[in-house]
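In the numbering used here, the protein residues as written are 201 to 335.
Written as structure tokens, this is what we have:
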């Protein structure tokens with residue numbers, strides 16, 4: 201191996217190392233962006249709620265996990281025997297789920313106006329419906 205080919209090989213290694221480093225940084229940035237709140241997971245409240253000195257004007261939710269279902273219960277009830285099939289909320293389980301996913305104490309969830317409660321509940325409902333195409 202000549203000195204010039206040795207330098208070229210070393211330059212390629214440095215370039216590959218720098219490229220790998222940039223890719224790692226890009227992956228980290230991408231992961232941070234995925235964790236960042238998205239506008240569609242924020243529910244503005246038509247009637248703000250007081251919690252201590254704080255006035256809550258919007259609710260921001262995170263995606264549920266299987267563990268959330270185990271701990272809170274499944275918040276939807278399905279009746280596939282009716283025509284058309286019916287989906288209804290189990291209000292107590294949904295209230296518990298809302299408290300967990302919106303990261304608010306139950307007292308805040310119980311203070312929501314009926315319209316805000318229903319809007320916030322149905323915003324989460326899509327996470328708990330089966331993907332019938334996979335069945």
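Don't be surprised by glycine CBs; every beta carbon is placed ideally from N, CA and C.
Remember, it's a predicted structure, so these values are computed and weren't measured experimentally.
Along the beta strand (DSSP E) that carries residue i, what are the first and last residues, could you check?
| i | result |
| --- | --- |
| residue 318 | Taken as a continuous stretch (DSSP letters only), residue 318 belongs to no beta strand (DSSP E), being part of the alpha helix (DSSP H) at 314 to 325. |
| residue 332 | Unbroken run through residue 332: none, as it is neither H nor E. |
| residue 311 | Unbroken run through residue 311 is the alpha helix (DSSP H), 306 to 311; no beta strand (DSSP E). |
| residue 257 | 254 to 260 |
| residue 244 | 242 to 251 |
Can you tell which of the options has the C-alpha that lies nearest to the C-alpha of residue i?
| i | options | result |
| --- | --- | --- |
| residue 242 | 255, 330, 261, 254 | 261 |
| residue 246 | 315, 323, 333, 329 | 315 |
| residue 300 | 264, 323, 251 | 264 |
| residue 305 | 244, 252, 267 | 252 |
| residue 288 | 333, 318, 255, 334 | 318 |
| residue 310 | 249, 257, 255 | 249 |
| residue 244 | 286, 307, 290, 313 | 313 |
| residue 255 | 322, 266, 308 | 308 |
| residue 258 | 268, 334, 267, 240 | 240 |
| residue 189 | 335, 291, 333 | Outside the shown range of the chain (201 to 335) lies residue 189, about which nothing can therefore be said. |
Just to confirm the assignment, what range does the alpha helix (DSSP H) spanning residue i have?
| i | result |
| --- | --- |
| residue 283 | Where residue 283 is concerned, there is no enclosing alpha helix (DSSP H), given that its DSSP letter is neither H nor E. |
| residue 293 | 291 to 301 |
| residue 266 | 266 to 272 |
To the nearest whole angstrom, what separates the beta carbons of residue i and residue j, a pair I think is in contact under 8 Å?
| i | j | result |
| --- | --- | --- |
| residue 302 | residue 325 | Contact doesn't hold; Cβ gap of about 14 Å is too wide. |
At a threshold of 7 Å, does residue i count as lining the ligand SAM (C-beta to nearest heavy atom)?
| i | result |
| --- | --- |
| residue 316 | The model on display carries no ligand, and the ligand SAM is accordingly not part of it. |
TODO: Would you check if the region 289 to 309 and the region 264 to 275 touch, i.e. whether three or more CB-CB distances between them fall below 8 Å?
DONE: Segments in contact, yes.
Open item on the list: I'd like to know if the region 276 to 292 and the region 318 to 330 are in contact, where contact means that at least 3 CB-CB pairs between them fall below 8 Å.
Closed with: Counting Cβ pairs under 8 Å, three or more are found: they touch.
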